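Q: With my numbering applied, the sequence shown covers 102 to 386.
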Amino acid sequence: MVAWMDSPRTTNGIQAPSFLYGTAWKEDDTQRLVTMALAAGFRGIDTANQRKHYHEAAVGEALQLAFDAGMQRDALFIQTKFTHRDGQDHRLPYDEAAPISTQVLQSFESSLAHLQVDVIDSYVLHGPSTSRGLAREDREAWAAMEELHAEGRVRMLGVSNVTAEQLSLLCREARTPPAMVQNRTYARKAWDREVRAVAKEHGVVYQGFSLLTASPAALTSAEVDRIVARTGRTRAQIVYRFAMHLGMICLCGTKSATHMAEALAATELDLTADEIKSLTDLGSA
Ligand SMILES: NC(=O)c1ccc[n+]([C@@H]2O[C@H](COP(=O)([O-])OP(=O)(O)OC[C@H]3O[C@@H](n4cnc5c(N)ncnc54)[C@H](OP(=O)(O)O)[C@@H]3O)[C@@H](O)[C@H]2O)c1
Numbered sequence: 102m103v104a105w106m107d108s109p110r111t112t113n114g115i116q117a118p119s120f121l122y123g124t125a126w127k128e129d130d131t132q133r134l135v136t137m138a139l140a141a142g143f144r145g146i147d148t149a150n151q152r153k154h155y156h157e158a159a160v161g162e163a164l165q166l167a168f169d170a171g172m173q174r175d176a177l178f179i180q181t182k183f184t185h186r187d188g189q190d191h192r193l194p195y196d197e198a199a200p201i202s203t204q205v206l207q208s209f210e211s212s213l214a215h216l217q218v219d220v221i222d223s224y225v226l227h228g229p230s231t232s233r234g235l236a237r238e239d240r241e242a243w244a245a246m247e248e249l250h251a252e253g254r255v256r257m258l259g260v261s262n263v264t265a266e267q268l269s270l271l272c273r274e275a276r277t278p279p280a281m282v283q284n285r286t287y288a289r290k291a292w293d294r295e296v297r298a299v300a301k302e303h304g305v306v307y308q309g310f311s312l313l314t315a316s317p318a319a320l321t322s323a324e325v326d327r328i329v330a331r332t333g334r335t336r337a338q339i340v341y342r343f344a345m346h347l348g349m350i351c352l353c354g355t356k357s358a359t360h361m362a363e364a365l366a367a368t369e370l371d372l373t374a375d376e377i378k379s380l381t382d383l384g385s386a
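1. State buried or exposed for Gly234, treating a residue as buried only when at least 16 other CB atoms are found within 10 Å of its CB.
2. What are the start and end residues of each continuous alpha helix (DSSP H) run of 4 or more residues lying completely inside the region 121-177, in chain order?
3. Would you say the beta carbon of Arg336 is closer than 8 Å to some non-hydrogen atom of ligand 1?
4. From this set, Ile350, Val325 and Arg331, which residue's C-alpha is nearest Leu380's C-alpha?
5. Count the other C-beta atoms from every protein chain shown that fall within 10 angstroms of the C-beta of Arg110, then say buried if there are 16 or more, exposed otherwise.
6. Would you call the region 165-180 and the region 136-150 touching, i.e. three or more CB-CB distances under 8 Å?
7. Going by the CB atoms, is the gap between Pro229 and Gly259 shorter than 9 Å?
8. With Glu241 and Ala265 assumed to form a contact (beta carbons below 8 Å), what rounded beta-carbon distance in angstroms separates them?
9. Return yes when the Cβ of Val225 is within less than 9 Å of the Cβ of Lys66, no when it is not.
10. Threshold first: 4 residues or longer. Then list the alpha helix (DSSP H) segments lying entirely within the region 197-242, N to C.
11. Among Arg289, Val160 and Asn113, which residue has its Cα nearest to the Cα of Gly354?
12. Assign Gln189 to one of three DSSP states: helix, strand, or coil.
13. Do three or more CB pairs link the region 355-367 to the region 287-301 at distances below 8 Å?
14. What residue does the beta strand (DSSP E) around Arg297 start on, and which one ends it?
15. Name the two residues that bound the continuous alpha helix (DSSP H) containing Tyr341.
16. Spell out a yes or no on whether the region 125-134 and the region 201-209 are touching, meaning 3 or more CB-CB pairs, one atom from each, closer than 8 Å.
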């Protein structure tokens with residue numbers, strides 16, 4: 102299966118697909134697009150119980166259609182997130198007056214109901230509630246997530262939108278450290294080199310999002326154009342494949358069937374060592 106090819110394993114040996122289909126910003130098209138992504142060959146789904154940007158229940162409808170059509174649950178990698186109050190609008194999946202640990206539990210139960218599954222493969226803290234260090238709310242949320250993991254309702258934990266310092270702190274402090282980190286990957290930050298280094302040190306798998314949009318100058322650079330000319334592949338495919346060479350799982354949330362097929366076919370592309378170096382250097386300038 103192309104979608105799982107080459108993908109990194111977590112320290113406890115769980116493998117996630119090379120691509121996760123991102124379900125943000127799809128609103129009433131969510132079910133249709135997730136169904137289309139599964140048909141295209143995506144086997145990893147990223148969502149969140151954050152109605153402001155995601156429609157998790159519609160993701161669940163697409164999953165049920167796939168299961169009804171014979172898809173096995175263990176053929177899919179399903180990831181969702183707990184989002185603090187600050188990242189939500191008025192459509193909350195929990196009682197905002199409840200303690201954070203209760204909010205996590207309520208959000209999680211609501212995710213299971215939306216997605217119509219019993220177990221979540223990867224449960225992610227959408228982002229710390231502070232830009233430096235970890236706040237009491239983050240520690241409380243993580244402890245509640247650890248309980249879900251200990252009960253076997255979640256196969257692994259993850260964290261998103263973190264600095265290298267925050268990831269390092271969580272890896273050192275947590276009883277159950279994160280197995281995944283999901284971050285926006287800017288070429289100008291050397292493709293998030295500092296966070297990737299901490300992730301590598303602690304055996305955490307890195308997931309990159311906004312690979313095509315956060316770094317427009319890199320996408321249209323002469324280096325990428327040279328590889329386009331050599332391979333006949335698209336810029337998007339080259340960036341995705343390069344990200345995989347750096348050890349990343351790629352988030353892709355395209356709404357286009359052509360772009361879905363294109364993304365998955367990026368795994369067929371071979372980059373030379375020189376090309377990988379020149380793309381790496383793009384972000385180090
Ligand atoms: N943890 C977080 O806070 C967070 C934040 C943002 C995103 N995410 C996750 O990451 C997922 C992906 O988000 P993203 O920011 O990486 O953006 P994206 O949804 O993957 O796509 C961004 C843009 O790139 C275009 N695009 C995609 N594939 C292309 C291709 N092959 N060629 C040319 N253009 C292409 C898309 O247009 P088309 O639709 O026309 O292809 C779209 O306009 C989200 O759905 C969400 O699951 C997480």
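All C-beta atoms, glycine included, are put in the ideal place defined by N, C-alpha and C. All values derive from a computational prediction rather than experimental measurement.
A: Considering the structure as presented:
1. Here Gly234 is exposed. Its C-beta has fewer than 16 other C-beta atoms within 10 Å.
2. Within the region 121-177, the complete alpha helix (DSSP H) runs of at least 4 residues are 131-141 and 157-169.
3. For ligand 1, a non-hydrogen atom lies closer than 8 Å to the CB of Arg336.
4. That would be Val325, whose Cα lies nearest to the Cα of Leu380.
5. Here Arg110 is exposed. Its C-beta has fewer than 16 other C-beta atoms within 10 Å.
6. With contact defined as three or more Cβ pairs closer than 8 Å, the region 165-180 and the region 136-150 are in contact.
7. Annotated as distal: Gly259 and Pro229, with beta-carbon spacing of 9 Å or more.
8. A Cβ-Cβ separation of about 23 Å leaves Glu241 out of contact with Ala265 under the 8 Å criterion.
9. With the chain represented from 102 up to 386, any question about residue 66 goes unanswered, as that position is not in the structure.
10. Scanning the region 197-242 from its first residue to its last, the whole alpha helix (DSSP H) runs of 4-plus residues come out as 201-216.
11. Among Arg289, Val160 and Asn113, the Cα nearest to that of Gly354 is on Val160.
12. DSSP, read as helix, strand or coil, puts Gln189 in coil.
13. No: fewer than three Cβ pairs fall under 8 Å.
14. That residue, Arg297, is in no beta strand (DSSP E); its alpha helix (DSSP H) goes Arg294 to Glu302.
15. Unbroken alpha helix (DSSP H) run through Tyr341: Arg336 to His346.
16. Fewer than three Cβ pairs drawn from the region 125-134 and the region 201-209 lie within less than 8 Å of each other, which leaves the two stretches out of contact.
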